[in-house]
Structures are given as structure tokens and as C-alpha cells.
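What follows is one structure encoded as C-alpha cells, with my remarks underneath.
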Amino acid sequence: MKKKSKIAIILGTRPEIIKMSPVIHECIKKNVPFFILHTGQHYSPNMDSVFFKDLGLPKPKYNLGLGNLNYNEQVGKFTRGISEILKKEKPNWVLVQGDTTTVLAGALAANKLGIKVAHHEAGLRSYDTAMLEEVNRILTDNLSDVLFAPTKTSVNNLLKEGIDKKKIHLTGNTVVDAVKRYAASYQKNQILKKIGLKKDKYFLVTAHRAENVDNPERLENILKGLDLVKKHFKGVEILYPLHPRTKKRIASLGFKMPSGINIIEPVGYFEMLQLQKNAKLIITDSGGVQEEAATLRVPLVTLRDNTERPETVDGGFNVLVPGVRPDDILAAVKTMLAKKHQWKKNPFGDGKSAGRIVARLS
Ligand code: UD1
Ligand code: UDP
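Under full-length UniProt numbering, the residue at position 222 of the sequence shown is numbered 222, and the numbers go up by one with no gaps.
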């Protein structure tokens, strides 16, 4: 019988833990040899360990513990640390997911050692190379031997760049698998009750992107925009689980959160899905939240100049706010609420992506 391939699952941040979770469970179910290598890019318990515990994942075999570094240090130290472990473990595949610096470092380390790279969430493009994530995506896709593209648009983006068709597999996004897998858990979660919110009586906000929160003018615009939304929609609360990056920037810039915006610490995955599902509308700059809102069928306003998830805008359930000016944020919320939403087939897949990915690698 053919020996099964060993897969190094490399991850480092909250969204990677969540989106790798269905793949890890599939490897366990199918008895496929794998190990988890965590760079430690995210390290606060509510950005990291809570997800391993809640999603029933085994602890990483390796954790490099390399949190709180700048981009250049991340690329260098992650690559070096990953490389040492790959030399020892000699996996057949390195699997990375998404567009973080952990992803690029995993691909760089594997490529140098002649280990095959598989990239889930390949082919997403914002066509904005000012975003570190866009650079990470392009470089990782070009270093990959197998590219798991979640949508037809991402497949086409790769083909346009001349990537060999034989390397590309249309799989859907494992985020849909995760939303389905944990449906019972998020539905019975008690967070709404605990914080005293009611279905459709609040807007859920997440914003953490470097291009928003590291730019004082954009961050101020976003806070002013939320204030306008709060004042306009009387009786609708605003709930904002604050990413540590945003928290640190607000503190270092001496900004004040407008009154009436309910700030909470980042929440676990079941809490977050329940909060999304019951929100009147979601305001975000997150990639994963755009996909989850589409999956959960909640209208969305995206605080970005562009998106690498254009399927959400084309489907009519997302609108971008280029420039994130306060008046434009309010106008976008009004537009999305006035719209009659016709939810079409989920562009991000059928919830069976992890099965396709593991089948190709094992
Ligand atoms: C990273 C990804 C981004 C992704 C996000 C998911 C890159 C270039 N960016 O951004 O694409 O959307 O993760 O959330 O890889 N911090 C903590 N505790 C943590 C994690 C971060 O305090 O657990 C603080 C630290 O001060 C850190 C800063 O946040 O320096 C930024 O963290 P970093 O991982 O560099 O980038 P993110 O903004 O989280
Ligand atoms: N998320 C979470 N708790 C929070 C905020 C987000 O569990 O307080 C989840 C969210 O449901 C999604 C993922 O984190 O699955 C998105 O991660 P993030 O926005 O940090 O990164 P991005 O997707 O933009 O790279």
C-alpha cells in the first residue's frame, strides 16, 4: 500500500487557525500524517489558544513563539525557525492558508528545502501592492506547487498570471466548512444574552487592517463614521470586538472611542459567529468576516478601498467605502439596509473544501 504523505500545517494567526481547523479535523478523520507548526505571530490567548481549545484542535507540535515583531523581522525569523523544523521533520508537503507573513515564510522555507508547497486561498487579488497581504499572496502563489483557489474568480486571476492550469484546483474556502461544522455550537452560544443584545438590534464592527488603523486619518474617519451611524440609527447598538492592533493604535494616538460604541475584547469563534448571524448589518475590514457574512447571509459594509473578495460586492451583499470618510460610511450603511437582498448560491463554496484539499495532498 502507498505510504501516505506527511503534511506540515503551518499557521500563525487567528484566521489561519480557524480556516485550517476543518483541514486538521479531516487529516485526523482520514488518518493522514500531519503536524502543526505555529509561528506565534498571534499569541494573546484570545487571538490564539482560545481557538485551539474551542475548535477541538490538537496543540501545535511546534510553536516558534515569535510574536510582536515588525514585518522584516517576521519574514526573517519565521523563515529561519520554520526551516529548522522542516529539516528535522522532512514533510512531503507544506500547507499554508491565506496571506499573512507566516504564509509567505512557510512558502519561502519550504521552497529553499525543495519541499512542495500547497497554498489554500490562492489567487485572491486586491491589485494593491501597498498591502503587505497582497505581496504575500503573489509571492506565495508563485512559490506553490499546488494552488487551492476558493472561487472561479481566484482561478481566473491565477490563469491570467500565467500559473500552470494543472497546479490549480477549485476547492471552495474552508471557512464555509468551519461555519457549517460549528453551527450547533454557535447557535446555542450565550453571548447575546450575556451582553444584553437582541437580534437585529445591533451593528457588529471589526476593523484592524494596517492600512486603516496605522493611518491616523483613516482611523479617525472610521471612529467618526461609527459615531454618525450610532447617532443616525437610534435604538441600534454598535458592538466592536477590538483587535489588539487597533487597541494599541487608539491608545498610542490618544484617540477616544465615541461614546455609545460598545467595545469588547476579541471573542471566541462560536461567540463571533453568533454575533455575526444576529447582527442587523456588519461593518468590517476583515477578509474572513466578508466570507462569513456572505455565508451567514448578513448584509455587509467593508471599510476598504478595494477587496480581494469581489464576489461579495458582485453578489450585491457588500459595499466598499473607499477613503472611509464618515459621511460615506453612514451612506453605505443606509444603502445596504434599504436594499432587498436576494441571496444567491454562496460564492465561497459548499463546505466540503477540506475534503478536497486533504484528498489532493494525501
Ligand atoms: C495579521 C495579518 C493580517 C490579518 C491579521 C488577522 C500580516 C501582514 N497581517 O495582522 O493580514 O488580517 O493578522 O488578525 O501578516 N498583537 C497582540 N496580540 C496578538 C497579535 C497581535 O497584541 O495575539 C498586536 C502586537 O502588538 C502586534 C500587532 O498586534 O505587533 C500586529 O500583529 P501582527 O500579527 O503583526 O499583524 P496583525 O495586524 O494582527
Ligand atoms: N473572529 C473571531 N473573534 C473576533 C473577531 C474575529 O473569532 O473577535 C474571527 C472571524 O469570525 C473570522 C476571523 O476571526 O473567522 C477573521 O480574522 P481577522 O479579521 O483577524 O483576519 P482576516 O480575515 O482579515 O485576515
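Cβ coordinates follow ideal geometry from the N, Cα and C atoms, glycine included.
Secondary structure within the region 238-311: the alpha helix (DSSP H) runs of 4 or more consecutive residues, fully enclosed, are 244-253, 269-278, 287-296 (chain order).
Residues of the same chain with a CB within less than 7 Å of the CB of ARG360, apart from the 5 flanking positions on each side, are VAL146, HIS169 in chain order. The beta carbon of ALA109 sits closer than 7 Å to the beta carbons of THR79, ILE82, SER83, LEU86 from its chain, once the five residues preceding and following it are set aside; these are given in chain order. In this structure, PRO150 is the residue among PRO150, GLY196, PRO322 with its C-alpha nearest to the C-alpha of LYS352.
Listed by position along the chain, the residues with Cβ atoms less than 5 Å from a non-hydrogen atom of ligand 2 are ARG14, PRO15, ILE18, PRO241, PRO266, VAL267, TYR269, MET272, SER286, GLY287, GLY288. According to the DSSP assignment, GLN187 belongs to the alpha helix (DSSP H) that extends over 183-187.
Remark: the shortest separation between the CB of PRO60 and any heavy atom of ligand 1 does not fall under 7 Å. Under DSSP, LEU147 shares a beta bridge with HIS119, ILE168.
PHE35 is bridged by DSSP to ALA8. In the structure shown, the three-state DSSP call for GLN74 is helix. Sorting ALA210, ILE195, HIS232 by C-alpha distance to the C-alpha of TYR240 places ILE195 at the top. PHE270 sits away from PRO299, with the two beta carbons spaced by 8 Å or more. In the DSSP assignment, the residues bridged to PHE203 are ILE238, LEU281. In this structure, ligand 1 has no non-hydrogen atom nearer than 7 Å to the beta-carbon of GLU311. DSSP places VAL94 in the uninterrupted beta strand (DSSP E) bounded by 93-97.
Residues VAL321 of the same chain have their beta carbon placed closer than 7 Å to that of ASP328, with the five preceding and five following residues left out of the count. LEU158 is positioned such that its CB atom lies no closer than 8 Å to that of ASN136. Residue environment for SER126: buried (at least 16 other C-beta atoms within 10 angstroms of its C-beta).
Distances between the C-beta of ASP54 and the heavy atoms of ligand 1 are all 7 Å or more. In this chain, the alpha helix (DSSP H) harbouring LEU219 covers 216-232.
With fewer than 16 other CB atoms across the displayed protein chains lying within 10 angstroms of its CB, SER259 is exposed. Looking at the DSSP output, TYR43 sits in no beta bridge, so it has no partner there. Distance from the CA of VAL75 to the CA of HIS42, rounded to the nearest whole angstrom, comes to 14 Å.
DSSP places ASN157 in the uninterrupted alpha helix (DSSP H) bounded by 152-160. Where VAL321 is concerned, there is no enclosing alpha helix (DSSP H), because DSSP gives it neither an H nor an E. A contact between stretches requires three or more CB pairs, one per stretch, nearer than 8 Å, and the region 164-179 meets this requirement with the region 115-126. Cβ neighbours of VAL319 within its own chain (closer than 8 Å, five residues either side excluded): LEU300, VAL301, THR302, VAL313, ALA332, THR335, MET336. With a cut-off of 7 Å, the C-beta of ARG245 is classified as near ligand 1, since at least one heavy atom of the ligand falls inside that distance. Taking 8 Å as the cut-off, the beta carbon of LEU226 is found closer than this to the beta carbon of VAL205.
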